[in-house]
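If you're matching positions, the sequence shown starts at 120 in the working numbering and goes up one per residue.
All remarks here apply to the structure that follows.
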Amino acid sequence: MIKYKLVCKNCGNFFDSWFASSKEYENLKKLKHVNCDNCNSLKVEKTLMTPSILNSKKEKPVIYKNKKYTKIKNTIKEYQKFIKNNFEYVGEDFAYKARSIHYNNKERSKGIYGNATAKEVKELKEEGIDTEVIPWVNKNDN
Ligand SMILES: [Zn+2]
């Protein structure tokens with residue numbers, strides 16, 4: 120799942136929207152299914168290129184349930200399995216831990232994964248810290 124911050128060019132409203140993938144966003148946009156939640160205008164654009172990672176129970180995503188999504192979700196679950204087996208989970212401390220590894224040249228056998236905001240990911244990338252953003256599916260999210 121990818122969250123985009125969208126802006127309405129018609130009324131200036133900022134709002135968040137969830138998509139299964141960046142490709143799905145492009146498709147929905149093309150089909151004119153992405154509109155402002157305030158004024159329904161179709162003049163909606165992404166404000167950030169960096170999506171954030173979904174791994175939080177606090178935010179309930181809007182999910183487009185279809186066959187394509189199930190297929191994407193299974194692919195994501197395969198990634199997650201790999202990551203869980205090969206990376207250490209650091210939760211909300213992701214940005215902090217990533218920096219401490221980067222600046223202290225700590226030797227680690229395992230990479231780390233966790234939650235970060237789009238802003239944190241952007242900052243890490245600007246500091247030259249290798250950070251990948253992947254979509255994330257919660258276990259109880261069917
Ligand atoms: Zn609007």
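Glycine included, every Cβ here is placed at the ideal spot set by N, Cα and C.
Remember, it's a predicted structure, so these values are computed and weren't measured experimentally.
- Every residue with a CB closer than 6 Å to a heavy atom of ligand 1 is listed here in chain order: Cys127, Asn129, Cys130, Asn132, Cys155, Asn157, Cys158 and Ser160.
- Per the DSSP secondary-structure output, Ile253 pairs with nothing in a beta bridge.
- The three-state reading of DSSP puts Ile220 in helix, counting H, G and I together.
- Glu164: member of the beta strand (DSSP E) spanning Val163 to Lys165, first to last residue.
- Ranked by how close their Cα comes to the Cα of Gly247, the residues Cys155, Ala214 and Gly233 have Ala214 in first place.
- For the pair Tyr123 and Lys165, the CB atoms are nearer than the 8 Å cut-off.
- If you look at Ser136, you'll find it in the beta strand (DSSP E) that goes Phe133 to Phe138.
- According to DSSP, residue pairing for Tyr123 in a beta bridge involves Ser136.
- DSSP, reduced to helix, strand and coil, places Ile248 outside both helices and strands of the structure shown, so it counts as coil.
- Classified as buried, Phe138 has 16 or more neighbouring CB atoms from the shown chains inside 10 Å of its CB.
- Linking Asn132 to Val126 through their CA atoms gives a straight-line distance of about 6 Å.
- The C-beta separation of Gly233 from Asp249 comes to about 14 Å, leaving the pair out of contact by the 8 Å criterion.
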